[in-house]
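Okay, so here's the structure we're looking at.
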Amino acid sequence: MTHEPAAPPGTTVSQLSETELLDAFLPGATTDGPHVLVGPGDDCAVIAAPGERVMVTTDTLTVDQDFAIVWPCGYRTTGADVGHKCAAQNLADIAAMGAVPTAMVVSLTMPGDTQVAWVSEFAAGLSRAFGELGAAECALVGGDLGWGRELSVTATVLGRLEGEPVLRSGAGRGGTLVHVGVLGRAAAGLDALQTPVPGRWDGVPEPERTALHRAQLRPAPPVSVGAELARAGAIAMLDISDGLLRDVRRIARASGVSIDLDPQALEPAVHTLAHAGEAVGVDPWQWVLTGGEDHGLLAVLPVDSPLPSGVRAIGSCAPLPREDGPRGGGSSAGNGARQRGHERGTVTIAGRSPRQWFGRDVVEGWDHFEP
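When we follow the working numbering, the leftmost residue of the sequence shown carries the number 57, and every step to the right adds one.
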């Protein structure tokens with residue numbers, strides 16, 4: 057369904073009233089759904105919560121921190137790009153707890169010279185992502201539009217939970233480490249976007265570069281698989297936002313376990329990036345093991361559990377011996393680690409530390425507060 061533009065091309069947000077800006081924003085947004093009792097238009101939305109447990113997550117995207125208006129390669133970020141990525145990273149968080157996304161609220165802060173067309177594209181990209189990523193029950197139910205010195209968007213997503221939440225700390229008894237989604241492609245895409253043209257990416261065919269750009273700008277987390285993994289018995293889960301090694305280590309520390317990655321299981325992901333890596337002088341293992349923002353799902357399943365379609369075993373998880381505390385049962389190794397006031401866990405690749413695997417010190421992934 058198409059909508060007539062709410063303002064002439066070239067109109068900026070400073071030229072419209074709040075009501076006029078909402079008229080430009082809402083027509084492209086999915087604002088109804090099976091859980092929406094009251095949508096946009098009142099001081100609050102009303103969302104049905106039949107299970108009486110509501111999952112909540114929030115995340116922010118800020119210009120020049122999380123995306124660029126114009127990248128060094130020359131690509132200009134669209135409103136639809138930002139809308140999609142905003143949806144993807146929040147929907148993935150809900151999925152990573154084994155829940156189903158049901159509603160989103162968005163706060164969009166914009167400089168006065170922001171084009172109204174960009175705002176409309178943002179709303180449309182946000183809503184299209186619900187369907188494309190497997191979150192058909194989700195709807196945009198409210199939020200806030202305001203002016204500021206820089207472009208920033210914060211989204212909060214609610215979800216419904218059918219069973220128990222799948223935590224990072226639940227893998228204490230060990231099991232099979234599994235993954236669904238892609239690895240390393242968003243990191244390669246970020247490298248390509250940040251490289252001026254002409255430059256070292258010139259040897260990579262344009263269709264391949266474009267596909268990698270898209271992996272960074274519009275990641276595709278397998279949102280619907282989160283609930284499938286929970287039903288399959290997942291005992292720990294998260295989405296890979298900051299890099300495989302860093303996020304595997306988060307499960308290892310929270311659960312008090314050792315996790316060993318199987319490089320043969322990761323070879324397909326490395327293979328898809330081998331040509332680009334050779335062309336630009338980057339080891340594709342670097343992208344696969346340390347690159348973030350693909351937002352695939354990483355989980356631990358009990359040994360011998362059947363794997364849902366598309367889910368791949370990529371390693372093993374085993375309990376660490378307890379250092380102290382009472383003997384016998386009572387709590388998992390993960391809970392024991394928390395009770396001792398610290399977290400411990402180890403991560404290896406075919407039995408070797410990441411430093412031994414790479415033959416050098418390696419930054420395991422992205423940290424928002426590291427320079």
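Backbone N, C-alpha and C fix where the C-beta goes; we use that ideal spot for every residue, glycine too.
Assigned exposure category for residue i - 16 Cβ within 10 Å defines buried
i	result
Ile125	exposed
Gly347	buried
Ser297	buried
Trp174	buried
His327	exposed
Glu334	exposed
Gln121	exposed
Asp417	exposed
Trp127	buried
Thr165	buried
Arg241	buried
Arg309	buried
Trp203	exposed
Glu218	exposed
Arg462	What the structure shows of the chain is the stretch from 57 to 427, and residue 462 is not part of that stretch, so it cannot be assessed.
Pro157	buried
Asp350	buried
Pro382	The predicted model places Pro382 with a pLDDT of 45, which falls under 50 and marks its position as unreliable; any figure quoted below should be read in that light. By the 10 Å Cβ count, Pro382 comes out exposed.
Pro431	Since the displayed the chain opens at 57 and closes at 427, residue 431 lies outside it and no answer follows.
Ala261	Checking the sequence shown, residue 261 turns out to be Pro, not Ala. When all chains shown are included, Pro261 counts as exposed.
Coarse secondary structure for residue i, derived from DSSP in three states
i	result
Gly199	strand
Gly231	strand
Arg408	strand
Val344	helix
Asp417	coil
Asp169	coil
Asp258	helix
Arg224	helix
Ser163	strand
Val253	coil
Val175	helix
Arg184	helix
Val238	coil
Pro362	coil
Gly66	coil
Pro157	strand
Gly384	Reliability of the predicted coordinates at Gly384 is poor, the pLDDT of 38 falling under 50, and no value is obtained from them.
Arg132	strand
Cutoff 8 angstroms: residue i Cβ touching any chain D Cβ
i	result
Thr251	Among the chains of the structure shown, chain D does not appear; only one protein chain is present.
Endpoints, beta strand (DSSP E) assigned at residue i
i	result
Gly371	Arg368 to Pro375
Asp295	Ala292 to Asp295
Arg216	Ser208 to Arg216
Leu249	From DSSP, Leu249 is part of no beta strand (DSSP E) but of the alpha helix (DSSP H) over Arg241 to Leu249.
Ala192	Note, Ala192: premise wrong, no beta strand (DSSP E); not H, not E.
Ala355	Leu353 to Leu357
Asp115	Val110 to Thr118
Proximal residues to residue i (C-beta, below 8 angstroms), its chain only, five neighbours per side dropped
i	result
Arg205	Pro167
Leu357	Gly231, Thr232, Val234, Leu285, Ala288, Gly289, Ala290, Ile291 and Leu363
Pro106	Arg216
Arg224	Ala292, Met293, Leu294, Arg306, Ile307, Ala310 and Ser311
Gly337	Arg256
Neighbourhood of residue i by C-beta distance below 6 angstroms, restricted to the same chain and skipping five residues each side
i	result
Thr134	Glu177
Lys141	none
Ser280	Gly190
Ser163	Gly199, Asp200 and Thr210
Thr404	Asp316
Arg305	Val403
Arg368	His235
Thr329	Thr is not the amino acid found at residue 329; the sequence shown has Leu there. Gly240, Ala244, Pro340 and Trp343, listed in sequence order.
Val92	Ala195 and Val197
Residue i, enclosing alpha helix (DSSP H) - first and last residue
i	result
Ala136	Gly135 to Ala151
Cutoff 7 angstroms; reference residue i; Cβ partners in own chain excluding five residues on either side
i	result
Ala152	Gly282, Met293, Leu294, Asp295 and Leu353
Ala248	Cys129, Trp257, Arg265, Leu268 and His269
Asp339	Gly333
Ala374	Gly230, Val313 and Ser314
Tyr131	Leu249 and His269
Gly259	Ala335
Thr251	Pro128, Cys129 and Trp257
Ile370	Leu233, Val234, His235, Leu317, Asp318, Ala321 and Leu322
Leu214	Ile103, Val110, Met111, Val112, Thr158 and Ala159
Leu301	Leu345, Thr346, Val403, Pro410, Glu420 and Gly421
**Asked** Residue ranges of each alpha helix (DSSP H) run of no fewer than 4 residues wholly in the segment 264-341, ordered along the chain?
**Response** 281-287, 300-311 and 319-336
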